[in-house]
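Report on the structure given below.
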Amino acid sequence: MDQLAPNHHADYPQFAGPFGYVAGLTMTVGRGRDARLVADMAGLKPTDHVLDLGCGPGTAARMTARGGVRVTGVDPSKPMLALARLLSRFRKPSAEIDWVRSGAENLLVPDDAVTTCWSLASVHHWPDLERGLQEVHRVLSPGGLFLALEKRTQPGAKGNASHGWTADQAKRFASMLAEFEFSNAEVTNHDLGRRKVVVVIAHKAETA
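As structure tokens, this is what we get:
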């Protein structure tokens, strides 16, 4: 069994400095299918407010905002957010996007502020899974939806091929969600052309 934690690249250093801009540009290509998948799974409405956690250069945030849904894009990387803001000037969405620089462990977002939170190919970089899940739970409104999408990887993968989740890592992450008062966690696999992804989806419990 794969013993690597779901955040097995938590110490990955290469989203800061000049390399961060290069990495961000590469992320503007081929990620639209990820965004469409989670948006379809979430069943978004114009009244929703989405938190795109680990938004990178903002591809999913812009695509969602073009559908009229308010979005808050959060990322700890200064280069990523600089690219997100720049690209949004040229591809101006119809709904509001707020860009916030912070990590999953200290979201600068009010309690119960968003109806949907997703993290696309970034949970495996969170420094602290427990604190991150506490924060996601805090900012979601009662009944809100959390989705974590990662590339499907194989046990023992190295280099770029290891940036994602094995089946065991996805299962372990889903099992963690109940500890943080999320319900009905599910793990689903999806083939997006040549890109193979896994999604863990769960709800924050409704208030009594």
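Under the working numbering, the first residue of the sequence shown carries the number 2, and numbering increases by one thereafter. Where a beta carbon is used, it is the ideal one built from N, C-alpha and C, also for glycine. All figures in this text were calculated on a predicted structure; none of them were measured in a lab.
At the level of alpha carbons, what is the spacing between residue i and residue j?
i, j, result
"G1", "G55", "Past the edges of the chain, shown from 2 to 209, lies residue 1, and the structure says nothing about it."
"N8", "T48", "32 Å"
"A43", "G144", "12 Å"
"V70", "T116", "11 Å"
"P80", "G74", "14 Å"
"L108", "S120", "13 Å"
"T167", "P156", "6 Å"
"D169", "Q135", "22 Å"
"R195", "A36", "16 Å"
"D113", "V200", "23 Å"
"A83", "I98", "14 Å"
"S163", "H50", "32 Å"
"E180", "T189", "20 Å"
"R153", "R34", "15 Å"
"A6", "G57", "22 Å"
With distances taken between CB atoms, is the gap from residue i to residue j smaller than 9 Å?
i, j, result
"L38", "L193", "yes"
"P63", "L45", "Just to set this straight, residue 63 is Arg in the shown sequence, not Pro. Contact flag unset, no."
"V198", "L146", "no"
"W100", "A85", "yes"
"F174", "V137", "no"
"S184", "H204", "yes"
What whole-angstrom Cβ distance do residue i and residue j have, given they're in contact under 8 Å?
i, j, result
"D129", "R102", "Between R102 and D129 the Cβ distance is about 17 Å, and since that is not below 8 Å, they are no contact."
"Q187", "I202", "Going by the sequence as given, residue 187 is Glu instead of Gln. With a Cβ gap of about 5 Å, E187 and I202 count as contacting."
"T60", "A40", "Going by Cβ atoms, the distance from T60 to A40 rounds to 12 Å, so no, they are not a contact pair."
"E106", "R139", "That pair is no contact at about 11 Å."
Give the DSSP bridge partners of residue i, in chain order.
i, result
"N161", "Paired residues: none, contrary to the question."
If we require 3 or more residues per run, which beta strand (DSSP E) segments fall completely within the segment 46-124?
Complete beta strand (DSSP E) runs here, min 3: 50-54, 71-76, 98-102 and 115-121.
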